[in-house]
Amino acid sequence: MTTVSSTPHSAGTSEGPSRPQTGNPGPGGRQRKRKSLNTPRWSIASLIVISFFTVAPLLAVVVLAFSPADEPTIPYALPTSLTFENITRIFSVGAFPTWLLNSVLYSVISVVVVLLTASMAAYALARKRFPGRNILLWSIIATLMVPVQATLIPTFILIANLDGVNTIWGLILPTLANGQAVFLIRQFILDLPEELFDAARIDGSGEWRTFVSIVLPLIRPVLATLAIFVFLWHWNDLLWPLVVGQTDEARTLTVGLATLNTELVSTSNIMAAALISFIPCLLIFLFLQRQIVSSITSSGVKG
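In my numbering, the protein residues as written are 173 to 475.
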């Protein structure tokens, strides 16, 4: 006759049900909890410090731009009053309106032409097959390794022979070819589904219609990102406008701001001019920030 043991299973064995542990956590658990609570605080404190040093120069420019010219201010003291006199006075200093117009034309025309030509070249290099395509692509990539300073003198001689010195078209023409824009747009087009182009061919769509109706709407995020980069590059460009613009009327705003330091202009007026030069950069970023976020999101999904 078989005897069945009636001894119950001891608690905590593998055969018994698991029970939640009760009581206070040990020293190790408290240390880990304290560490997890302190880490975000240090991160937030670091971000606050970094943000302060990032925003402080801009705040100083704003305060100086609206401070009276005859009143001591930053870094000696805070202004006791604010005025718009510096903003209005700077437009009568030198050829400031002409500098501002030259910078707008230089930047806007360059952005439009670069994006148009680069997108068409990128579409051909990404979706068309023709002899010498790879050689042409690697030649464009090779131009990215050549510094601007190396081609400065030959470019100036070429523009001078074309009578382009001290003209707006002589300022713009050498900057219209952008190999980096071609390469980035090409990489973006390569990620587009091939089925879209097959469907366009079945529907009888030509190359120009395919480019305008399919490619351009899909590459708007990368175009917006490049628009900001190209605009900021041309708006802040100093070397080439300084070389080709040798008269006061041919200067851009960046070159004009550099020359204000050599004239009898107050610091408040110079800061007012710097603040005016900053506003277009801020506006174009705010206008295109949604497209930039869309570009980052789409690249993350593809990855």
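The C-beta atom is built at its ideal place from N, Cα and C for all residues, glycine as well.
Distance CB(residue i)-CB(residue j) smaller than 8 Å
{"i": "N433", "j": "N258", "result": "no"}
{"i": "F450", "j": "I400", "result": "no"}
{"i": "A353", "j": "V280", "result": "no"}
{"i": "V394", "j": "F328", "result": "no"}
{"i": "V233", "j": "M443", "result": "yes"}
{"i": "L410", "j": "V427", "result": "yes"}
{"i": "G342", "j": "T315", "result": "no"}
{"i": "T424", "j": "P413", "result": "yes"}
{"i": "P251", "j": "V235", "result": "yes"}
{"i": "V337", "j": "Q418", "result": "yes"}
{"i": "A445", "j": "F302", "result": "no"}
Cut-off 7 Å between Cβ atoms - residues of its own chain near residue i, not counting five sequence neighbours on either side
{"i": "I391", "result": "S291, I357, F360, I361"}
{"i": "S282", "result": "I344, T347, L348, V402, H406"}
{"i": "A294", "result": "V354, I357, R358, I361"}
{"i": "T174", "result": "Confidence in T174 is poor, its pLDDT being 46 and thus under 50, which makes the residue's placement too unreliable to answer from."}
{"i": "R261", "result": "N441"}
{"i": "W271", "result": "R423, T424, L425, G428"}
Whole-angstrom distance between residue j and residue i, CA atom to CA atom
{"i": "L398", "j": "T255", "result": "37 Å"}
{"i": "I331", "j": "Y278", "result": "16 Å"}
{"i": "L429", "j": "S253", "result": "25 Å"}
{"i": "I307", "j": "F403", "result": "29 Å"}
{"i": "L209", "j": "S215", "result": "With a pLDDT of only 49 at L209, under 50, the local geometry of the prediction cannot be trusted, and no value is derived from it."}
{"i": "W380", "j": "R305", "result": "19 Å"}
{"i": "D335", "j": "L454", "result": "35 Å"}
{"i": "M317", "j": "L297", "result": "20 Å"}
{"i": "T339", "j": "L364", "result": "41 Å"}
{"i": "K134", "j": "V276", "result": "Only positions 173 to 475 of the chain appear in the structure, and residue 134 is not among them; the question remains open."}
{"i": "F459", "j": "V284", "result": "16 Å"}
{"i": "E421", "j": "G266", "result": "9 Å"}
{"i": "V387", "j": "L368", "result": "9 Å"}
{"i": "A237", "j": "F224", "result": "20 Å"}
{"i": "W310", "j": "A322", "result": "20 Å"}
{"i": "V384", "j": "G378", "result": "10 Å"}
{"i": "I312", "j": "T289", "result": "13 Å"}
{"i": "P389", "j": "N408", "result": "29 Å"}
{"i": "S239", "j": "S438", "result": "11 Å"}
{"i": "Q463", "j": "P452", "result": "18 Å"}
{"i": "P326", "j": "N333", "result": "11 Å"}
{"i": "L230", "j": "S264", "result": "24 Å"}
{"i": "I374", "j": "E366", "result": "13 Å"}
{"i": "S218", "j": "V465", "result": "25 Å"}
{"i": "I222", "j": "E435", "result": "35 Å"}
{"i": "Q461", "j": "D370", "result": "32 Å"}
Alpha helix (DSSP H) segment containing residue i, residue limits
{"i": "M317", "result": "First-last for M317: undefined, no H or E at that position."}
{"i": "D370", "result": "366–374"}
{"i": "S291", "result": "268–299"}
{"i": "P240", "result": "Taken as a continuous stretch (DSSP letters only), P240 belongs to no alpha helix (DSSP H), as it is neither H nor E."}
{"i": "Q352", "result": "351–362"}
{"i": "N333", "result": "324–333"}
{"i": "G342", "result": "340–344"}
{"i": "T260", "result": "257–262"}
{"i": "T397", "result": "392–407"}
{"i": "P413", "result": "411–416"}
{"i": "E379", "result": "379–382"}
{"i": "T426", "result": "425–432"}
Proximity test, residue i beta-carbon vs the ligand GTP heavy atom, cut-off 7 Å
{"i": "R305", "result": "Here there are no bound small molecules, and the ligand GTP is not part of this structure."}
Expected contact under 8 Å - CB spacing of residue i and residue j to nearest Å
{"i": "A396", "j": "T382", "result": "Actually they do not touch by this definition, with Cβ atoms about 21 Å apart."}
Cβ of residue i within 8 Å of any chain B Cβ
{"i": "V416", "result": "The structure shown has no chain B; it contains just one protein chain."}
Cutoff 6 Å; reference residue i; Cβ partners in own chain excluding five residues on either side
{"i": "A241", "result": "S438, S440"}
{"i": "I274", "result": "The residue you asked about is not Ile; residue 274 is Asn in the sequence shown. Excluding residues within five positions, the ones whose Cβ falls inside 6 Å are T424."}
Chain-order list of residues whose beta-carbon lies under 8 Å from that of residue i (same chain, five-residue window excluded)
{"i": "L511", "result": "No answer is possible for residue 511: the residues shown for the chain start at 173 and end at 475."}
{"i": "T185", "result": "With a pLDDT of only 45 at T185, under 50, the local geometry of the prediction cannot be trusted, and the value read off the model is given with reservation. None."}
{"i": "G376", "result": "none"}
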